[in-house]
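What follows is a short report on a single structure.
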Amino acid sequence: MKKLILFIFFFGISATGFGQLKSHSFEEMDSLQQIQKRKIIVFIHTDWCQFCQRMKATTFKNQEIIQKLNSEFYFIDFNAEEKRDITFNNLTFQYKPSGNNVGVHELALQLGTINNQITYPVLCVLNERNEIIFQHTNYLNLKEFFILLNKLKE
36 MKKLILFIFF FGISATGFGQ LKSHSFEEMD SLQQIQKRKI IVFIHTDWCQ
86 FCQRMKATTF KNQEIIQKLN SEFYFIDFNA EEKRDITFNN LTFQYKPSGN
136 NVGVHELALQ LGTINNQITY PVLCVLNERN EIIFQHTNYL NLKEFFILLN
186 KLKE
């Protein structure tokens with residue numbers, strides 16, 4: 036019985052604590068960059084976007100991707116319809132309603148707009164000074180995302 040309890044305990048810890056993608060907030064970036072300079076990968080998504088949900092369920096669950104993101108980058112998982120105010124880069128961004136229970140966050144527009152439109156999902160990569168150095172819209176599978184991460188590390 037003790038062995039069973041220990042097995043469940045350690046399995047629970049390993050299943051929940053190890054191999055999880057660490058997502059940071061925009062507000063943490065200044066202090067994290069002071070500790071160690073890294074590029075920031077912002078995954079901009081919505082709850083209703085099928086391709087966003089597929090990336091969350093596949094690409095961001097892959098252990099190699101998780102290990103690379105956690106060790107070499109700062110990752111921000113950002114819902115474009117977030118309603119709270121966000122302070123980033125000494126500016127405060129707000130949710131902007133555009134209809135009845137519909138809207139988009141100003142920061143999502145700032146980071147995710149490509150050719151005057153935003154199409155989800157969006158990957159936005161910032162350098163250590165919070166400047167946009169790369170934007171990509173649309174689904175990326177494991178292989179494509181891994182190639183992108185390797186190019187960003189060069």
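Using my numbering, the first residue of the sequence shown is number 36, and each one after it goes up by one.
The beta carbon of each residue, even a glycine, is placed where N, CA and C say it ideally should be.
Practice prompt. From the DSSP output, in three-state form, read off residue 72 for me.
Written response: As a first step, residue 72 is located in the sequence shown; it is residue number 37 there, counting from the start. Reduced to three states, the DSSP call for residue 72 is coil.
> Out of 160, 141, 161, 162, which has the shortest C-alpha to C-alpha gap to residue 152?
Replying inline: To locate residue 152, count along the sequence shown from 1; it is residue 117. Selection 160, 141, 161, 162 evaluated against residue 152 yields 141 as nearest (Cα-Cα).
> Per DSSP, residue 100 is paired with what?
Replying inline: Locating residue 100 in the sequence shown gives position 65, where the first residue counts as 1. Residue 100 is not bridged to any residue.
From the DSSP secondary-structure annotation, give me the bridge partner or partners of residue 156. Position 121 of the sequence shown, counted from the first residue, corresponds to residue 156. DSSP lists no beta-bridge partner residue for residue 156.
Quiz item: Around the Cβ of residue 69, are there at least 16 other Cβ atoms within 10 angstroms (buried) or fewer (exposed)?
Solution: On the sequence shown, position 34 is the one that residue 69 refers to. Classification for residue 69: exposed.
Using a Cβ-Cβ cut-off of 8 Å (strictly less than) and excluding sequence neighbours within five positions of residue 105, which residues of its own chain qualify?
One-based indexing of the sequence shown puts residue 105 at position 70. Within the same chain, residue 105 has close Cβ partners 56, 57.
(message) In whole angstroms, give me the CA-to-CA distance for residue 37 and residue 54.
(response) Position 2 of the sequence shown holds residue 37. Position 19 of the sequence shown holds residue 54. Interpretation of residue 37 is limited by its pLDDT of 46, a score under 50 that renders its predicted location unreliable; no figure is taken from the coordinates.
TODO: With a cut-off of 8 Å on the beta carbons, I'd call residue 155 and residue 94 a contact; round off their distance for me.
DONE: Indexing the sequence shown from 1 puts residue 155 at position 120. Indexing the sequence shown from 1 puts residue 94 at position 59. Contact between residue 155 and residue 94 does not hold, since their C-beta atoms are separated by about 14 Å, which reaches or exceeds 8 Å.
Beta-carbon within less than 6 Å of residue 157's beta-carbon, same chain only, minus the 5 sequence neighbours each way: which residues are those? Mapped onto the sequence shown, residue 157 falls at position 122. Leaving aside the five residues that flank residue 157 on each side, the residues in its chain whose CB is nearer than 6 Å to its CB run, in chain order, 79, 147, 172.
Could you please give the first and the last residue of the uninterrupted beta strand (DSSP E) stretch that includes residue 138? Translated into positions along the sequence shown, residue 138 becomes position 103. First-last of the beta strand (DSSP E) with residue 138: 137–140.
_Using 8 Å for Cβ pairs, my map puts residue 118 next to residue 130. What's the rounded Cβ distance?_
Working through the sequence shown from its first residue, we reach residue 118 at position 83. Working through the sequence shown from its first residue, we reach residue 130 at position 95. Your pair residue 118 and residue 130 checks out as a contact, with CB atoms roughly 4 Å apart and the cut at 8 Å.
- prompt: Between residue 90 and residue 125, what straight-line distance do the alpha-carbon atoms span, to the nearest angstrom?
  reply: The residue given as residue 90 occupies position 55 in the sequence shown. The residue given as residue 125 occupies position 90 in the sequence shown. Residue 125 has its alpha-carbon roughly 30 Å from the corresponding atom of residue 90.
Buried or exposed: residue 92, going by 16 or more other Cβ atoms within 10 Å of its Cβ? Numbered from its first residue, the sequence shown carries residue 92 at position 57. Under this definition residue 92 is an exposed residue.
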